[in-house]
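Just add 1 to wherever you are in the sequence shown, counting from 1, and you've got this note's numbering.
From the three backbone atoms N, C-alpha and C, an ideal C-beta is built for every residue, glycine too.
This report refers to the structure that appears directly beneath it.
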Amino acid sequence: MSKADLVITGKAYVGGAVLRVAVAVEGEEIACVSSPASAPPAEEVVELDEGKLLLPGMVDMHVHMRDLELSYKEDWYTGTLSALAGGVTFVADMPNTRPATNSVRGLEVKLREASRKALVDYGIYAGLPSDLKELEALLSRGVLGLKLYPEDLGSPILERALELCAMEGVPVVVHPEDREIIEKRGRVPEAEIRALEKMILLASRTGAHLHFTHVSLRESVRRILEGKLSGLSLSMDATLHHMLLDEGVSRRLGPLAAVNPPLRSGDDRLAILSAASKCLLDAVASDHAPHTLEEKVAGAPGFPGLELALPLLLTLVEDGLLPLSSLELYSSRPAKILGLRKGSLAPRWDADLVVADLKREGVVSGSKMRSKAKFTPFEGFALRAVVERVYLRGSLAYDDGEVLLKPGSGRLVRGGRRNWTRD
Ligand code: NCD
Ligand code: ZN
Numbered sequence: 002m003s004k005a006d007l008v009i010t011g012k013a014y015v016g017g018a019v020l021r022v023a024v025a026v027e028g029e030e031i032a033c034v035s036s037p038a039s040a041p042p043a044e045e046v047v048e049l050d051e052g053k054l055l056l057p058g059m060v061d062m063h064v065h066m067r068d069l070e071l072s073y074k075e076d077w078y079t080g081t082l083s084a085l086a087g088g089v090t091f092v093a094d095m096p097n098t099r100p101a102t103n104s105v106r107g108l109e110v111k112l113r114e115a116s117r118k119a120l121v122d123y124g125i126y127a128g129l130p131s132d133l134k135e136l137e138a139l140l141s142r143g144v145l146g147l148k149l150y151p152e153d154l155g156s157p158i159l160e161r162a163l164e165l166c167a168m169e170g171v172p173v174v175v176h177p178e179d180r181e182i183i184e185k186r187g188r189v190p191e192a193e194i195r196a197l198e199k200m201i202l203l204a205s206r207t208g209a210h211l212h213f214t215h216v217s218l219r220e221s222v223r224r225i226l227e228g229k230l231s232g233l234s235l236s237m238d239a240t241l242h243h244m245l246l247d248e249g250v251s252r253r254l255g256p257l258a259a260v261n262p263p264l265r266s267g268d269d270r271l272a273i274l275s276a277a278s279k280c281l282l283d284a285v286a287s288d289h290a291p292h293t294l295e296e297k298v299a300g301a302p303g304f305p306g307l308e309l310a311l312p313l314l315l316t317l318v319e320d321g322l323l324p325l326s327s328l329e330l331y332s333s334r335p336a337k338i339l340g341l342r343k344g345s346l347a348p349r350w351d352a353d354l355v356v357a358d359l360k361r362e363g364v365v366s367g368s369k370m371r372s373k374a375k376f377t378p379f380e381g382f383a384l385r386a387v388v389e390r391v392y393l394r395g396s397l398a399y400d401d402g403e404v405l406l407k408p409g410s411g412r413l414v415r416g417g418r419r420n421w422t423r424d
C-alpha cells in the first residue's frame, strides 16, 4: 500500500450518510475513502473527535466577488476569505462587475485580480455581449457558462447565444425576472413567472441547459419541475434567505433586507424550504452580494452570505428541518451542474475538506464577518455548527479562524463541454 500524505479519520458525510471512515489524501486529491481499520499509512494522521463532522468543501454557484472598480464593496481576497470561513472551497463569480465580464478584455482583467488574491478555487461566468463572436471567444477561454440578467432576456442575440451554449455544453444561468413587468409594477411574483415561461420556451427551442438561480416562489419550483418532467434540461437553485426569511423580515429591517428577487410571502418561503428538504432543488447558493452600509441604507439590493450558508444548512439539519442529504445541494449537486471534480468525498476528487464542529454553538454577528460588508439580515440567528478547519486541494487553508494559505492559492477552474447525463 502506498503512503498517503494525509489521513483523516472520524465521522464523515459519505454517500448519503454519516459514517466512521478514513479519508486518505495524496497530493491534491482524495486517494481513497475506507474504514478506519483499512486506511493506508500516512505522513500525517488527523483523528477527529466525537463532535466533529468531516464534509466535502462546499461549492457556491452564485457569488459576487466584485473587485476592480467595485473593490470598495468586496475584492477577491475578502470575498474568498469569507468563503473559507464558511467552508466554501469553490465560488462561481457573476459578471455584473465593473468592468463587466461580457468581453475577453473584461475577463482578462478579472482573472488578473482573482489569480493574485483568491484563497479558494473559482470559476467565472460570462455576461451576454451584444455580439455573438465575443461570446464565442469567452467560451473558448473557459468561462463556466453564461449568466443572463433581466435586461438580457430581450436581447436580439438571445436565442443564438443559447444555441451556442447548447453546442458548447455549458449551462446558462438565468436570473428570472421580466424587465417590463419590473418597470411597470415592481418586483412582483408575476415578473419571475413571466421570465420563467419565456425562458422555458427557449430551452425547448434551443436545447440549452437552463439553470434558474435564486428561485423564490412555490409556482417557480412547480413550473421548473414540470419542464424537467417534459424532458427539458433544466435546473434551479434557491438561497438560504429565500428559505428562511419572508416579507415580514423586509418590513422589519427595511433596506437592510432588500434583495433581488425580494423576500416573498410566508407561503413561498415555506415552499422553498420544503423543496430543499425534498431535494427538489438542484442546488443552494448564497448570492453573496456585498455593498457598503451607505449603499445598503440607500436601497442597494443584496447582502453577503458566503460565511453563513453552510452553518445555517447544518443548523437546519440539526433542527430536523432539512435532511442530511440537503448538504449535497451546496456541494456535489452544483459541482455536477458545473462539471467540477469537487463537492464529494470520493476518490480522484479534489481533496477539499471541511471539519465542522457540531458541539460548538454560534450566533450570527455581521460585525465579525470577513466580508467587507459587515451586516446581514440573519443578525442574531443561533447557529448549531461552526466551521473549524478547511483544506483546499489537500493543504490546510483555514484553522480555527486563522488563514494558512497565501493569497493567490485559489485556482481557476475552466468550464467546457458537459455531458448532462454523466454520473
Ligand atoms: C445583485 C448584486 O448586488 O450584484 N443583487 C441582488 O440583490 N441579488 C444584483 C441583482 O441580481 O440584481
Ligand atoms: Zn447575484
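Status (buried if at least 16 other CB within 10 Å, exposed otherwise) for residue i
i      : result
Arg270 : buried
Arg394 : buried
Gly17  : exposed
Asp94  : buried
Tyr78  : buried
Lys279 : exposed
Val173 : buried
Val364 : exposed
Ala299 : exposed
Leu413 : exposed
Arg415 : exposed
Gly303 : buried
Val355 : buried
Val8   : buried
Gly187 : exposed
Asp320 : exposed
Trp421 : With a pLDDT of 45 at Trp421, under the threshold of 50, the modelled position of that residue is not reliable, and no figure is offered here.
Arg423 : Note on Arg423: pLDDT 39, under 50, position unreliable in the model; the coordinate value appears next. Classification of Arg423: exposed, given that the 10 Å Cβ count is below 16.
Ala349 : At residue 349 the sequence reads Arg, which differs from the Ala that was named. Looking at its Cβ environment, which holds fewer than 16 other Cβ atoms inside 10 Å, Arg349 is exposed.
Asp153 : buried
Asp268 : exposed
Lys134 : exposed
Lys369 : exposed
The beta strand (DSSP E) enclosing residue i, as first and last residue numbers
i      : result
Gly146 : 146-149
Arg21  : 18-27
Glu389 : 387-393
Lys12  : 5-15
Ser368 : Element bounds for Ser368: n/a, residue is neither H nor E.
Met237 : 235-240
Ala357 : 354-358
Leu339 : No beta strand (DSSP E) contains Leu339, which is instead part of the alpha helix (DSSP H) from 333-339.
Glu362 : From DSSP, Glu362 is part of no beta strand (DSSP E); its letter is neither H nor E.
Asp1   : Nothing can be reported for residue 1, as the shown portion of the chain is limited to 2 through 424.
Asp400 : 396-400
Val34  : 30-35
Rounded Cβ spacing between residue i and residue j (contact assumed at less than 8 Å)
i      : j      : result
Ala357 : Leu56  : 6 Å
His63  : Ala286 : 4 Å
Leu158 : Leu145 : It should be noted that the sequence gives Ile, not Leu, for residue 158. Incorrect: roughly 20 Å between the Cβ atoms, too far for contact.
Ala119 : Thr102 : Not a contact, Cβ separation roughly 15 Å.
Val15  : Val34  : 6 Å
Thr98  : Leu71  : 6 Å
Gly88  : Val391 : 6 Å
Ala5   : Ala43  : 4 Å
Closer than 7 Å: residue i CB and nearest the ligand NCD heavy atom
i      : result
Asp288 : yes
Asn103 : no
Pro302 : yes
His65  : yes
Val260 : yes
His176 : yes
Residue-chain proximity (residue i, chain B), Cβ-Cβ < 8 Å
i     : result
Val64 : No chain B is part of this structure, which consists of one protein chain only.
Any non-hydrogen atom of the ligand ZN closer than 7 Å to residue i Cβ
i      : result
Met62  : no
Met237 : no
Met95  : yes
Boundaries of the alpha helix (DSSP H) in which residue i is found, first to last residue
i      : result
Cys166 : 159-169
Leu309 : Segment: none, Leu309 is in no alpha helix (DSSP H) and carries neither H nor E.
Val222 : 219-230
Check: Whole beta strand (DSSP E) runs in the segment 48-86 with 3 or more residues, listed along the chain?
Finding: Listed in chain order, they are 53-57, 59-64.
Item checked: Sequence ranges, alpha helix (DSSP H) only - wholly within the segment 97-150, length at least 4 -> Note on the segment 97-150: whole alpha helix (DSSP H) runs with a minimum of 4 residues are 105-118, 133-141, in chain order.
Next item on the list: Give, in chain order, every unbroken run of the alpha helix (DSSP H) that is at least 4 residues long and sits entirely within the segment 162-216.
Entry: Entirely contained in the segment 162-216, the alpha helix (DSSP H) runs reaching 4 residues are, in chain order, 180-186, 190-207.
Next item on the list: List in chain order: all unbroken beta strand (DSSP E) runs of 3+ residues lying wholly within the segment 239-298.
Entry: Within the segment 239-298, the complete beta strand (DSSP E) runs of at least 3 residues are 284-286.
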